[in-house]
Each structure stands twice: as C-alpha cells, then as structure tokens.
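A quick write-up on the structure given underneath.
There are 2 protein chains.
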Amino acid sequence: METNEFDLEAFLPYLLNQAAEVSSLAFQQVYKERYGMLRTEWRVLFHLGLYGRLTASEIGTRAKTHKTKISRAVHRLTDRRFVTRARNDQDRRVEHLTLTPQGQAAYADLREVARRYEAALVADLTEAQMSALRAALVKLAEAAPAPFT
Amino acid sequence: METNEFDLEAFLPYLLNQAAEVSSLAFQQVYKERYGMLRTEWRVLFHLGLYGRLTASEIGTRAKTHKTKISRAVHRLTDRRFVTRARNDQDRRVEHLTLTPQGQAAYADLREVARRYEAALVADLTEAQMSALRAALVKLAEAAPAPFT
DNA sequence: TTGTAATAGTTGTTTTTGTAACTAACAAGC
DNA sequence: GCTTGTTAGTTACAAAAACAACTATTACAA
C-alpha cells in the first residue's frame with residue numbers, strides 16, 4: 033500500500049495535534065482536579081496573572097480565543113472568586129478583569145507546576161532541539177493560514 | 033508584572049496548541065467544505081487510505097483516538113458511502129473497514145491537498161528546522177504524559 | 001441630532017465531545 | 001457445560017464547543 037506516497041503520519045498538522053494533546057494531558061489534570069478549571073479558564077487565569085489587568089477582548093486577542101469562550105470562562109472564574117470585574121467609567125462597554133488573592137494564589141501554584149511540568153516534558157530533548165522547536169512553533173502559530181484552492 | 037517569572041506564553045503545551053490550531057485551520061476547511069468531514073473522519077479516511085484495511089480499534093490505536101469517536105466517524109463515513117464494513121467470520125465482534133471507490137477518490141484528492149498545504153506551511157522553515165521539528169514532535173507525541181503531584 | 005456603523009460582551013441554539021454504561025462475541029478455567 | 005473476564009463496538013446522557021443572534025454602549029458622519 034505504501035509506495036512513495038506522501039506520508040500522512042508525518043503530516044505537520046497531525047503531528048502537532050498529537051503532540052499538543054499528549055503534552056497537555058497531565059497538566060490539564062492538575063488544574064482540573066485542583067481548581068476545577070477548564071482549559072480556557074486556565075488560559076484566562078494565566079494571562080491575568082502575567083499581565084495584571086486586562087479586558088476580555090484583550091485576552092481573546094492574545095490567546096487567539098473567541099469572545100464567547102472567554103466570556104464564559106470569565107463567568108466561571110468570577111463565580112469561583114478567582115477573578116473580579118470592574119467597569120471602565122470612560123467606556124462602559126469595557127470591563128477590566130483582575131485576579132483576586134485567591135486567583136493569584138492559584139496562578140502562583142499552577143505556574144510552578146507548569147515550570148516543573150515543562151522541565152519533565154523536554155527532559156529528552158537537547159537544548160538545541162528545544163530552541164529550534166520553540167522557534168518553529170512560534171513561527172507556525174503566527175503565520176496566517178495559507179489560502180487554498 | 034513580569035520579573036524573571038516562568039514565561040507562560042512560551043509554555044510548550046500552549047505553544048503546541050496554538051501552532052496546531054493555526055496550522056490545521058485552512059486544511060480543515062478543505063475537507064469540511066469539499067466532503068463535509070470532521071477531523072476524526074478525515075483521520076479515519078487517511079488511515080484507511082494509507083493502510084488499506086483496518087478495524088476500528090486498529091485505527092483508534094494508531095491515531096490515539098477513543099473508540100466512541102472512531103465509531104461515530106465510521107458511521108458518518110459509511111452513511112456517506114466513503115467506507116464499507118465487513119464482518120470478520122473468525123471473530124464476529126470485529127469489523128474490517130475499507131474505502132469505497134468514492135472514499136479512495138476523496139483520499140487521493142485530500143492527500144494531494146495535504147501535500148501542497150504542508151509545503152506552504154513550512155515554506156519559511158529551513159530543512160534542518162523542519163527535521164528537528166518533526167523529530168521533537170514525534171518524541172513528544174510518544175512520550176507518556178509525566179505523572180504529577 | 002440622528003442615523004449608521006463599530007465594538008464589548010452576553011445569551012440561546014445546535015454540534016461535537018467525553019464518560020459511562022451497555023450488548024455481543026470470544027477465551028479460559030473450573 | 002458454566003462462570004468469569006476480556007475485547008470490539010455501540011448507545012445514552014452530560015459537558016463543552018461552535019456559531020449566530022442579540023443588547024448596550026460608543027464613534028462618527030450626514
């Protein structure tokens with residue numbers, strides 16, 4: 033069956049998805065079990081932890097995530113007192129989001145877990161492989177998806 | 033806010049997910065619009081195209097996909113006459129799946145699209161970067177997720 | 001000032017997924 | 001033979017995601 037066909041098992045989007053799924057799994061379990069968070073909630077949390085104060089749409093832009101996903105994540109995070117919202121008086125459409133002390137604590141905790149997790153993940157990659165990998169991923173993530181026919 | 037904290041924007045699972053999503057998008061559109069397929073259906077199709085005849089669980093193992101997802105994808109593919117099922121007489125629990133001529137045609141078409149798509153995707157990566165990337169992804173995808181505390 | 005468009009965010013509905021429980025067929029030990 | 005366990009695959013129900021339509025507010029131009 034396999035002549036010298038194009039090798040779909042090495043197809044980049046496929047490999048990327050596999051690697052992404054496998055390498056997210058164990059960490060996902062941590063924020064799920066420890067704080068009952070979903071992926072988007074963790075992303076909102078870490079963006080707020082990193083940047084301090086953002087609006088929902090700023091997070092959406094940075095994390096390339098749709099606004100409805102962000103909206104619902106923020107809802108759950110405020111319900112659980114990880115995040116507080118504050119209306120902007122200059123522009124009352126806008127809400128500024130910040131972490132509560134509890135949110136800060138969760139962020140600090142998960143950041144450390146992430147640090148250790150990543151170290152374990154890349155344990156059998158060389159330094160050179162790692163930096164090549166990162167560079168390539170950044171490039172791929174930023175490239176506008178090629179138009180097609 | 034950012035001292036010399038661990039940089040979560042460069043967190044490997046995050047980068048992998050972003051790269052995977054962005055780099056799947058345009059191709060996804062092709063199999064969706066052209067054949068009404070979802071991602072798992074496309075994966076089943078390409079595994080059958082590549083290996084000729086497989087059972088649902090063989091595909092599940094190779095593609096690291098849960099059997100319910102495979103089951104539903106196979107259903108839709110048979111409904112649309114891309115795939116046929118045949119019971120194994122030695123073990124009647126098992127069903128062998130193969131592509132219909134229509135499935136073969138879709139496979140051949142999409143494989144060519146994939147080939148060109150990937151070429152466009154990696155256009156600004158060097159050969160060395162590409163092979164390093166592939167190697168790293170394979171390693172990550174195969175590594176059992178590290179246990180955690 | 002008022003009408004049109006744009007932006008921030010939410011809500012409702014439909015698809016898809018995840019999880020668990022299920023049926024059917026086989027295997028192996030007693 | 002029968003019980004117990006395992007494997008292949010399906011189905012049912014709950015959780016999450018995608019998509020579209022919506023409110024509220026602001027911008028801006030006729």
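So the sequence lines, in the order shown, correspond to chains R and Y. Our numbering numbers the first residue of the first sequence as 33 and each following residue consecutively. Our numbering numbers the first residue of the second sequence as 33 and each following residue consecutively. Ideal Cβ placement from N, Cα and C applies to all residues, glycine included.
In the DSSP assignment, the alpha helix (DSSP H) including THR110 of chain R goes from what residue to what residue?
Counting along the chain, the alpha helix (DSSP H) containing THR110 of chain R begins and ends at 99-111.
Looking only at its own chain, which residues have a Cβ that is under 6 Å from the Cβ of ARG85 of chain Y, when we skip the five neighbours before and after it?
Taken in chain order, the residues that qualify are HIS128, THR130.
With H, G and I counted as helix, E and B as strand and the rest as coil, what does DSSP make of ARG125 of chain Y?
ARG125 of chain Y: coil per DSSP, three-state reduction.
If contacts are defined as beta-carbon pairs under 8 Å, then ALA138 of chain R and LEU82 of chain R qualify, I think. What distance do you get, rounded to the angstrom?
With a Cβ gap of about 13 Å, ALA138 of chain R and LEU82 of chain R do not count as contacting.
What first and last residue would you give for the alpha helix (DSSP H) that runs through THR183 of chain Y?
Lying before the first or after the last residue shown, residue 183 of chain Y is absent from chain Y, which here runs from 33 to 181.
Would the segment 139-158 of chain R count as touching the segment 52-70 of chain R if we require 3 or more Cβ pairs under 8 Å?
Touching, per the Cβ criterion.
Counting along the chain, where does the alpha helix (DSSP H) carrying THR72 of chain R start and finish?
Note, THR72 of chain R: alpha helix (DSSP H), 71-83.
Once you ignore the five residues that flank LEU153 of chain Y on each side, which residues in its own chain have a CB closer than 7 Å to its CB?
Contacts found: SER55.
What I want to know is whether the C-beta of SER89 of chain Y ends up closer than 7 Å to one or more non-hydrogen atoms of the ligand ATP.
Absent from the structure shown: the ligand ATP. Ligands present: none.
Listed from N- to C-terminal order along the chain, which residues in the segment 76-108 of chain Y have their beta-carbon within a distance smaller than 7 Å of any beta-carbon of chain R?
Cβ contacts with chain R: PHE78, LEU82, TYR83, GLY84, LYS96.
Interface residues of chain R around ARG66 of chain Y at Cβ under 7 Å?
What ARG66 of chain Y touches in chain R: nothing, since even the nearest Cβ is about 10 Å away.
Is ARG75 of chain R near THR97 of chain R, with beta carbons less than 8 Å apart?
Yes, the pair counts as a contact, with Cβ atoms nearer than the cut-off.
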